[in-house]
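K.L.:
1 is the number of the first residue of the sequence shown in the UniProt record's numbering; add one for each residue after it.
Okay, here's the structure, questions in a sec.
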Amino acid sequence: MADREDNVYKAKLAEQAERYDEMVEAMKKVASLDLELTVEERNLLSVAYKNVIGARRASWRIISSIEQKEENKGADNRLEMIKSYRVQVETELKDICQDILDVLDKHLIPTASTGESKVFYYKMKGDYHRYLAEFATGNDRKEAAENSLVAYKAASDIAMTELPPTHPIRLGLALNFSVFYYEILNSPDRACRLAKAAFDDAIAELDTLSEESYKDSTLIMQLLRDNLTLWTSDMQHDGVRVNKRSRFKILKIKMFHKSFCIHKRMCSIYLLQCEMVFLFCFTAM
C-alpha cells in the first residue's frame, strides 16, 4: 500500500513538473496492482497518457502538413527526410497506444467493478484505437476503426443503463464517440444524431445536477453544441451556407461556475435550450 501511495504522489509530482513520461510509468505501476483505482488515480492515469499521446499527435499533424506542402511544391529532395520523420512519430504513437491498451485489457477493465469505471475504461479503449486509426492506412486503419467502434459501443451500453445523462463521463463518451463517427467513419449524420441526443437528454435533467459536477457537465455540453454547429454548417448546401465563425459567435454562451446562485444556473439551462432550438431551426432551412 505504501508503494501505491508513493507512486500516486510521484505521478502528481511529475504532472506538476510536466514530466509526463514519468507520470505514465508511475501510474502504470499503480494499475499493475490489479486493484480498483480511485477516481483520483483513474484521472491521473488518463491525464498522463493524454499528455504523452497529445504531444505526438500534434507533431504528426504538423509533419503531415509540411509533407503535403512539399509534395505540392515537388520538393523531392526533402520528402524522404520528412517521410522518415513522420514514420518515426507514428512508431511512437503506436507504442504509446499499445501500451495503454495493454494496461486497460490486462489490469483496468478486468478489475473495474462500477458502471462509472467501466464506462471510463471502455471510453479510453475507444479513444486510443481511434488515435491509431487517425494515421493508419489500409487494413490497419480498418482494424483500428472496428476496435474503436466496439469499445465505444460497449461503453455506451453501460452508460445508458448505469449513468445519468448529465454525468460528465457519459457526456464525454458521447463527445468522443461522435467525433469518431465524424472524423474516422466519415459519417456526419450519425455524429450529429449522437451528439444532439446526448445534449437533449442532458438538458432535460440539467436541473438535477449536483454542484460538484455542474461545471464539468455544462462544459462538455458546450463542446457538443459547438461541434454540432460546425458539423451542421458543413452539411448545408451551398445555397444556404453561412460563415462558421459568425455562427460560432452567435451561439457562444457564458458557462456559469458552481459558485453562482441557482437562478443564474437555471438561466444558463434556458440559454442552452434556446440555442439548440435556434441551431436546428436554422440548419433545417
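Ideal Cβ positions, reconstructed from N, Cα and C, are used throughout, including at glycine.
Nothing here was measured: the structure is a model prediction, and the numbers come from that model.
Cα-Cα, which of E25, S210, L206, R190 is closest to N227?
P.N.:
R190
K.L.:
If contacts are defined as beta-carbon pairs under 8 Å, then V39 and R4 qualify, I think. What distance do you get, rounded to the angstrom?
P.N.:
That belief does not hold up - the Cβ atoms of V39 and R4 are roughly 15 Å apart, past 8 Å.
K.L.:
Roughly how many whole angstroms lie between the Cα atoms of residue 343 and I96?
P.N.:
Not covered by the structure: residue 343. The range shown for the chain is 1 to 285.
K.L.:
What would DSSP say about N77, mapped onto helix, strand or coil?
P.N.:
helix
K.L.:
Please list, in chain order, all residues of the same chain as L132 whose beta carbon is under 6 Å from its beta carbon, the five residues on each side excluded.
P.N.:
C97, A144
K.L.:
Decide if the segment 42 to 56 is in contact with the segment 9 to 20; the criterion is three or more beta carbon pairs, one per stretch, under 8 Å apart.
P.N.:
yes
K.L.:
Count the other CB atoms, across all protein chains shown, that sit within 10 Å of the CB of D34; report buried if there are 16 or more and exposed otherwise.
P.N.:
exposed
K.L.:
Mind checking which residues open and close the alpha helix (DSSP H) that includes Y214?
P.N.:
Looking at the DSSP string, the run of the alpha helix (DSSP H) that includes Y214 is 211 to 235.
K.L.:
Does DSSP put H129 in a helix, in a strand, or in coil?
P.N.:
helix
K.L.:
Distance check for E80 and L279, CA to CA, integer angstroms please.
P.N.:
With a pLDDT of 47 at L279, under the threshold of 50, the modelled position of this residue cannot be trusted; read the value that follows with caution. Inter-residue distance for L279 and E80 is about 46 Å (C-alpha atoms, whole angstroms).
K.L.:
Report buried or exposed for L230, applying the criterion of at least 16 other Cβ atoms within 10 angstroms of its Cβ.
P.N.:
exposed
K.L.:
So, do the segment 114 to 121 and the segment 152 to 170 have three or more beta carbon pairs nearer to each other than 8 Å?
P.N.:
yes
K.L.:
Please return the same chain residues whose Cβ sits closer than 6 Å to the Cβ of residue 303, not counting the five positions on each side in sequence.
P.N.:
The displayed coordinates of the chain run from 1 to 285. Any statement about residue 303 would go beyond what the structure contains.
K.L.:
Am I right that R193 and S117 are in contact with their C-beta atoms under 8 Å? What's the rounded C-beta distance?
P.N.:
That belief does not hold up - the Cβ atoms of R193 and S117 are roughly 27 Å apart, past 8 Å.
K.L.:
Run through DSSP, which three-state label would D34 get?
P.N.:
coil
K.L.:
Is the beta carbon of S148 closer than 7 Å to that of R170?
P.N.:
no
K.L.:
Helix, strand or coil: which one does DSSP assign to K118?
P.N.:
helix
K.L.:
So, at 7 Å on beta carbons, what are the nonlocal neighbours of S32 in its own chain, with the 5 sequence-adjacent residues on each side left out?
P.N.:
H107
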